[in-house]
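Step one of this worksheet: look at the structure below.
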């Protein structure tokens, strides 16, 4: 028996919004410790990893490890039927070929349930090595979304250059060039408005706008985002999911041909 | 000119 109840059901709705453009289908691995999802986009350029800790749920039970393969378009359609303030419960029997989503209004006066077929997905899992990144940039998630959107007008790629002076995002194309520089904030009223740069060595890498823009669909999940970079390895874009977990996007850099 | 690399170039299959 698997059962996970989340009073703050809107978080699950936001997680789906954050992955459904990038992934058509994916497996949710349910275990005693919580729920995880790892999947590559169709082109194998990026990898998404979602981690939801068991303690983050208001009720969590997972008697046997369970892999629930889902069509994410279908899952998203079902979650759209939940109101933002609904309590969401996911339920499945051991070895079941369906999962049930239960939505309860806060007053408990409306209860809906939707059953969805599970899929058998043969997906590769990749081992992500523990990495000490040369640069870790924390910035407001809305600011990052704005930067990616604005620079996408100029070209297909964004160059992210992190140095002790700050971080510079650049794009170049037919209409011209754009540069956005952010310095570390000296003092802020709210922690979530801060730009914090931890740098061991300067790093400059180039990434596809299309993917960065898809990652920013996670913006409603968290007021802050962190970007981790080291030379010649994938960028990690990480958002926390309330206090129940996090979503990480890994994006392979563009390299010299 | 830069070309897009694949994530599988960096992370191996488990």
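Protein chains in written order, with the working numbering: chain W, 197 to 453; chain B, 14 to 27. From the three backbone atoms N, C-alpha and C, an ideal C-beta is built for every residue, glycine too.
Counting C-beta pairs closer than 8 Å gives three or more between the segment 296-315 of chain W and the segment 256-268 of chain W, which meets the contact rule. A contact is defined here as three or more CB-CB pairs under 8 Å, and the segment 320-335 of chain W meets this definition with respect to the segment 414-433 of chain W.
For residue 369(W), the CB contacts under 6 Å within the same chain, skipping 5 residues up- and downstream, are 350 and 351 in chain order. Per DSSP, the beta-bridge partners of residue 258(W) are 198(W). For residue 270(W), same chain residues with a beta-carbon under 7 Å away, outside a window of 5 residues either side, are 312 in chain order. Sorting 376(W), 374(W), 391(W) and 251(W) by C-alpha distance to the C-alpha of residue 382(W) places 391(W) at the top. By the neighbour-count criterion, in which 16 or more other beta carbons inside 10 Å mark a residue as buried, residue 302(W) falls on the exposed side. Note that the segment 240-252 of chain W touches the segment 17-25 of chain B; at least 3 beta-carbon pairs, one per stretch, sit closer than 8 Å. Relative to residue 236(W), the option among 228(W), 223(W) and 388(W) whose CA is nearest is 223(W). Here residue 426(W) is near residue 399(W), since their CB atoms are less than 8 Å apart. Within the segment 292-324 of chain W, those residues whose Cβ lies closer than 7 Å to any Cβ of chain B are, in chain order, 320, 321, 322, 323 and 324.
Residue environment analysis places residue 327(W) among the exposed positions, since fewer than 16 neighbouring C-beta atoms fall within 10 angstroms of its C-beta. DSSP places residue 19(B) outside both helix and strand once states are collapsed to three, so it counts as coil. For the segment 216-243 of chain W, the set of positions with a beta-carbon nearer than 7 Å to some beta-carbon of chain B reads 236, 240, 241, 242 and 243 in chain order. Out of 422(W), 259(W), 371(W) and 412(W), the CA that lies nearest to the CA of residue 393(W) is found in 422(W).
Neighbours of residue 450(W) in chain B, taken as residues at a C-beta separation under 8 Å, are given in chain order as 15, 16, 17 and 18. Distance from the CA of residue 294(W) to the CA of residue 345(W), rounded to the nearest whole angstrom, comes to 38 Å. For residue 412(W), the secondary structure class from DSSP, reduced to helix, strand or coil, is helix.
Here residue 214(W) is near residue 443(W), since their CB atoms are less than 8 Å apart.
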